[in-house]
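Have a look at the structure below before the remarks.
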Amino acid sequence: MANIKFFGGQTIPVEMHRVRVVQKLHLIPARERLRKLREACNNLYMLQNEDIFMDMLTDSGVNAMSDDQLASMMNADDAYAGSRTFSELKAKVTELFGMEHFLPAHQGRACENILGQAYVTPGSFVPMNYHFTTTKAHVTRNGGTVVELVAPGGETVQGTAPFKGNMDPDALKKLIREKGADRIAFVRMEAGANLIGGQPVSLQNFREIGDICKQHGVLYVMDASLLQDNLYFNKVREPECQDMSIRDIMRAICDCFDIIYFSARKLGFARGGGIATRTLAQWDHMKELVTLNEGFLTYGGMSVKEMAAITVGLEETMDMDIISQGPLFIAYMVDQLVKRGIPVVTPAGGLGCHVDARAFVPQIPGEQYPSAALVAAMYLAGGVRAMERGTLSEDRNPDGSEHIASMELARFAVPRRVFTVSQLDYVVDRIAWLYEQRDIIGGLKFVEEPKTLRFFVGKLETLSPWQDELVDRFERDFGKDN
Ligand code: F0G
0 MANIKFFGGQ
10 TIPVEMHRVR
20 VVQKLHLIPA
30 RERLRKLREA
40 CNNLYMLQNE
50 DIFMDMLTDS
60 GVNAMSDDQL
70 ASMMNADDAY
80 AGSRTFSELK
90 AKVTELFGME
100 HFLPAHQGRA
110 CENILGQAYV
120 TPGSFVPMNY
130 HFTTTKAHVT
140 RNGGTVVELV
150 APGGETVQGT
160 APFKGNMDPD
170 ALKKLIREKG
180 ADRIAFVRME
190 AGANLIGGQP
200 VSLQNFREIG
210 DICKQHGVLY
220 VMDASLLQDN
230 LYFNKVREPE
240 CQDMSIRDIM
250 RAICDCFDII
260 YFSARKLGFA
270 RGGGIATRTL
280 AQWDHMKELV
290 TLNEGFLTYG
300 GMSVKEMAAI
310 TVGLEETMDM
320 DIISQGPLFI
330 AYMVDQLVKR
340 GIPVVTPAGG
350 LGCHVDARAF
360 VPQIPGEQYP
370 SAALVAAMYL
380 AGGVRAMERG
390 TLSEDRNPDG
400 SEHIASMELA
410 RFAVPRRVFT
420 VSQLDYVVDR
430 IAWLYEQRDI
440 IGGLKFVEEP
450 KTLRFFVGKL
460 ETLSPWQDEL
470 VDRFERDFGK
480 DN
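Reminder that position 251 of the sequence shown reads as 250 in numbering that gives the first Met the number 0, one-by-one numbering, no gaps.
In C-alpha cells:
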C-alpha cells in the first residue's frame with residue numbers, strides 16, 4: 000500500500016492489489032432501514048447482512064483473502080490427526096514468533112477460555128494495558144480480576160502520543176508490590192489495544208513490561224490479534240524500528256513473551272486461532288483443554304482450509320505493502336472527519352476509525368448508551384453498520400448499576416482490502432450529515448438484557464420517537480430512494 004502524492008496536491012492511499020472477486024451490495028431506502036432496525040430491536044448485530052450497505056461492524060473474519068491464500072485452501076491436507084497442513088502452520092508460527100510449541104483453537108476467545116482455565120484462579124489478578132470484552136469475561140468467569148494499566152494519555156480521545164496502547168510500567172510494579180507476584184495470573188499485553196481505538200504498543204514498552212515480568216517471575220502473555228497493524232505503527236512511528244524489517248520487528252516483539260495467542264480472524268486474514276508457547280511445560284499444561292473443548296491437537300476446531308490460509312496470511316503479514324493498507328485507509332477516513340470538525344480518536348489507530356460518541360451526542364447520558372444510539376442512527380443515515388464500543392459493551396457492576404465506560408466510541412471497522420476510497424468517502428459524507436442532525440438523536444433502553452456480553456443479543460428500544468424524525472429529515476435532504 001502506498002500513500003501516493005497526487006499532482007493536485009492531495010495524498011490518497013492507493014491500493015497495491017487489484018480486485019478479482021466481488022460481492023454485490025444492497026442499499027435499501029432509509030424508511031426501509033428504519034423498519035429493519037426496529038425488527039433488529041436496535042441492536043445492529045441482529046441485522047441481516049443483505050440489509051446493510053457498508054458493513055463496518057468488525058474486521059474479524061471478513062478481511063479479503065489473497066489469491067495465494069485461496070489457492071492454498073484447495074491444496075490443504077484433510078486429516079483429523081497429523082495433517083500436513085497443521086505441521087506447515089505450526090512451522091510458520093515457530094518461524095515468525097520464535098516459539099517451538101503451538102496449540103490450535105477455533106478463534107481468539109477460545110484461546111482466552113483455555114488461558115483463563117489454565118492460569119486464572121479465584122482471587123488472582125490479570126493486569127493488562129486494556130481489556131477486551133471476551134478476555135475480561137473469561138478472566139472474571141474464572142474468579143480473576145482484570146486490572147487495566149494503560150499509560151497516561153491512552154484514554155485521551157484526541158491525543159498525540161504515537162503509542163497510546165502502552166502499559167504504565169510504574170503502575171505494574173506497584174500492583175505487583177501490593178498484590179504479590181504469586182497472585183498475578185499473568186500480565187497481558189494487547190497489541191494494539193482494541194477498545195481505546197486500536198492504539199498500538201511500542202517495542203520499547205513491550206520490552207520494559209517484559210523485563211518487569213521477568214524480574215518478578217510473572218508470566219507475560221501477548222494477545223496478538225491486532226499485531227499486523229501494530230507492526231505497521233512500530234515501523235512508521237518508532238525510531239528504533241525504522242531500519243528494521245517487519246520480520247525483525249515481529250521477532251523482537253515476540254522475543255519478549257512467554258505465551259502468544261491470536262485470533263486468526265484478524266492476524267493472518269483468515270479464521271481460527273492459536274496459542275504459541277515458549278516451553279513444553281506450558282503447552283502440556285493447556286493441551287487437554289484443546290482436546291476437550293476445541294478438537295484434536297492438529298486442528299483445534301479449525302478446518303484444514305482455514306489453517307492453510309492462515310499459514311499464507313501470516314507470511315503475507317510480513318509485507319509492508321499488505322499490512323499498511325488498513326492503517327492508511329483508517330488514517331484517510333480519520334483525516335476527512337477531522338477536517339469536518341467531527342470528533343474522532345486521534346492519532347488514527349488500527350482496526351477502524353473511532354468516532355467519539357460522548358462528544359458527538361453529549362445530550363445522551365451514559366445510562367442511555369450514547370454510542371449504541373449513534374451507531375443505530377448511522378444505520379439510518381447510510382445503511383452503514385458500525386459497532387458500539389462503550390457502556391453497552393460493558394457488563395453491569397455486581398450491584399446492578401451501570402459501569403459507565405471510560406471511552407464511548409462508535410467504531411467504523413475497516414476490514415482489510417474490502418472497501419474502496421469512494422466507499423469511505425460515502426461513509427464520511429453520511430457521518431457529516433448526521434453530525435448536522437446530532438441534536439435530535441436520543442437514547443436507548445434495554446427491553447431484554449442478557450447478563451454476560453449483553454451487547455451481542457440484547458434488545459433495545461428508543462426513549463423517544465427520534466428515529467422517525469431522523470428519517471423524515473433524511474428524506475427531506477436526499478429523497479426517498481437513498
Ligand atoms: N482479542 C482481541 C484484541 C480482539 O479484538 C478479539 C476480537 C478477540 C481477542 C477475540 O477473538 O473474535 O476470534 O474470538 N475482536 C473482534 C472485534 C470480535 O470485532 O473487535 P475472536
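Where is the CB? At the ideal position from N, CA and C, for every residue including glycine.
(Q) Residues in the same chain with beta-carbon distance under 7 Å from residue 454, minus the five sequence neighbours each way, listed in chain order, please. (A) Within the sequence shown, residue 454 is the residue found at index 455, counting from 1. 387, 391 and 392, listed in sequence order.
Q | Alpha carbon of residue 477 to alpha carbon of residue 407, nearest angstrom | A | Locating residue 477 in the sequence shown gives position 478, where the first residue counts as 1. Locating residue 407 in the sequence shown gives position 408, where the first residue counts as 1. C-alpha separation (whole angstroms): 29 Å.
Q. For residue 411, which of helix, strand or coil comes out of DSSP?
A. On the sequence shown, position 412 is the one that residue 411 refers to. Strand.
Q | Through-space distance from residue 475 to residue 270, alpha-carbon basis | A | Indexing the sequence shown from 1 puts residue 270 at position 271. Indexing the sequence shown from 1 puts residue 475 at position 476. Whole-angstrom Cα-Cα distance: 43 Å.
Q) How would you label residue 297, buried or exposed, when you count the other beta carbons within 10 angstroms and need 16 or more for buried? A) Taking the first residue of the sequence shown as position 1, residue 297 is located at position 298. Classification of residue 297: buried, given that the 10 Å Cβ count is 16 or more.
Q | Top-ranked residue by Cα proximity to residue 282, from 23, 103 and 155 | A | On the sequence shown, position 283 is the one that residue 282 refers to. Taking only the C-alpha atoms, the option nearest residue 282 is 103.
Q: For residue 462, count neighbouring Cβ atoms within 10 angstroms of its own Cβ and tell me buried if that reaches 16, exposed if not.
A: Translated into positions along the sequence shown, residue 462 becomes position 463. Label assigned to residue 462: exposed.
Q: Please classify residue 148: does DSSP put it in a helix, a strand, or coil?
A: Indexing the sequence shown from 1 puts residue 148 at position 149. Coil.
Q. How is the beta strand (DSSP E) around residue 187 delimited, first residue to last?
A. As a first step, residue 187 is located in the sequence shown; it is residue number 188 there, counting from the start. Residue 187 -> beta strand (DSSP E) spans 186–189.
Q. Residue 73: buried (16+ other C-beta within 10 angstroms of its C-beta) or exposed?
A. On the sequence shown, residue 73 is found 74 positions in, with the first residue counted as 1. Flag for residue 73 reads exposed.
(Q) For residue 11, which residues in the same chain have their Cβ closer than 8 Å to its Cβ, ignoring the five residues on either side in sequence? (A) As a position in the sequence shown, residue 11 is number 12, starting the count at 1. So the list reads 2, 3, 5, 331 and 420, once near-sequence residues are dropped.
**Q.** Residue(s) in a DSSP beta bridge with residue 222
**A.** Taking the sequence shown and counting its residues from 1, one reaches residue 222 at position 223. 189 and 260.
Q) Within this structure, are the beta carbons of residue 125 and residue 183 separated by less than 9 Å? A) Stepping through the sequence shown from its first residue, residue 125 is reached at position 126. Stepping through the sequence shown from its first residue, residue 183 is reached at position 184. Yes. Within cutoff.
Q | residue 134 beta carbon near the ligand F0G (any heavy atom closer than 8 Å) | A | One-based indexing of the sequence shown puts residue 134 at position 135. At least one heavy atom of the ligand F0G lies less than 8 Å from the C-beta of residue 134.
Q. Whose CA, out of 68, 340, 24 and 37, lies closest to the CA of residue 316?
A. For the purposes of this step, residue 316 is taken as the residue at position 317 of the sequence shown. Minimum Cα distance to residue 316 is reached at 68.
Q | C-alpha gap between residue 457 and residue 259, whole angstroms | A | For the purposes of this step, residue 457 is taken as residue 458 along the sequence shown, with counting starting at 1. For the purposes of this step, residue 259 is taken as residue 260 along the sequence shown, with counting starting at 1. So the alpha carbons of these two residues sit roughly 32 Å apart.
**Q.** Span separating the alpha-carbon of residue 121 from that of residue 324
**A.** Within the sequence shown, the letter at position 122 stands for residue 121. Within the sequence shown, the letter at position 325 stands for residue 324. Approximately 42 Å between the Cα atoms of the pair.
Q. Got a sec? Which residues, its chain only, sit under 6 Å from residue 149 by beta carbon, not counting five neighbours each side?
A. Indexing the sequence shown from 1 puts residue 149 at position 150. So the list reads 128 and 129, once near-sequence residues are dropped.
Q: Provide the residue span of the alpha helix (DSSP H) that contains residue 284, from first to last.
A: For the purposes of this step, residue 284 is identified with residue 285 of the sequence shown, where counting begins at 1. Where residue 284 is concerned, the enclosing alpha helix (DSSP H) stretches over 279–292.
Q: State the beta-bridge partners of residue 345 as determined by DSSP.
A: Looking up residue 345 in the sequence shown gives position 346. Residue 345 pairs with 157.
(Q) Contact between the stretch 129–138 and the stretch 111–119 is defined here as three or more beta-carbon pairs at a separation below 8 Å; is this criterion met? (A) yes
Q) Near residue 335, which residues of its chain fall below 7 Å by C-beta distance, leaving aside the five closest residues on each side in sequence? A) As a first step, residue 335 must be located in the sequence shown, where it is residue number 336. Hits under 7 Å: 427.
Q) Can you tell me where the beta strand (DSSP E) with residue 78 in it begins and where it stops? A) The sequence position of residue 78 within the sequence shown is 79, counting from 1. Run containing residue 78: none; DSSP gives neither H nor E here.
Q. Where does residue 20 land, buried or exposed, given buried means 16+ other C-beta within 10 angstroms?
A. The residue you call residue 20 lines up with position 21 of the sequence shown. Counting C-beta atoms within 10 angstroms of its own C-beta, residue 20 has fewer than 16 neighbours from the protein chains shown and is therefore classed as exposed.
Q.
Tell me which residue opens and which closes the alpha helix (DSSP H) that residue 334 is part of.
A. The residue you call residue 334 lines up with position 335 of the sequence shown. Per DSSP, residue 334 belongs to the alpha helix (DSSP H) from 324–338.
Q. In whole angstroms, what is the alpha-carbon distance linking residue 294 and residue 272?
A. Residue 294 sits at position 295 when you count from the first residue of the sequence shown. Residue 272 sits at position 273 when you count from the first residue of the sequence shown. Each residue's alpha carbon lies about 13 Å from the other.
Q: Would you please state the rounded distance, in angstroms, between the beta carbons of residue 71 and residue 356? I believe it to be under 8 Å.
A: The count along the sequence shown starts at 1 and reaches residue 71 at position 72. The count along the sequence shown starts at 1 and reaches residue 356 at position 357. The pair is not a contact, with the Cβ atoms about 41 Å apart (cut-off 8 Å).
Q. What is the residue span of the alpha helix (DSSP H) that residue 212 lies within?
A. Translated into positions along the sequence shown, residue 212 becomes position 213. First-last of the alpha helix (DSSP H) with residue 212: 202–215.
Q: State yes or no: is the C-beta of residue 570 within less than 9 Å of the C-beta of residue 232?
A: Since the first residue of the chain shown is 0 and the last is 481, residue 570 is not available in this structure.
Q) Is the stretch 76–91 in contact with the stretch 42–59, if contact means three or more CB pairs nearer than 8 Å? A) no
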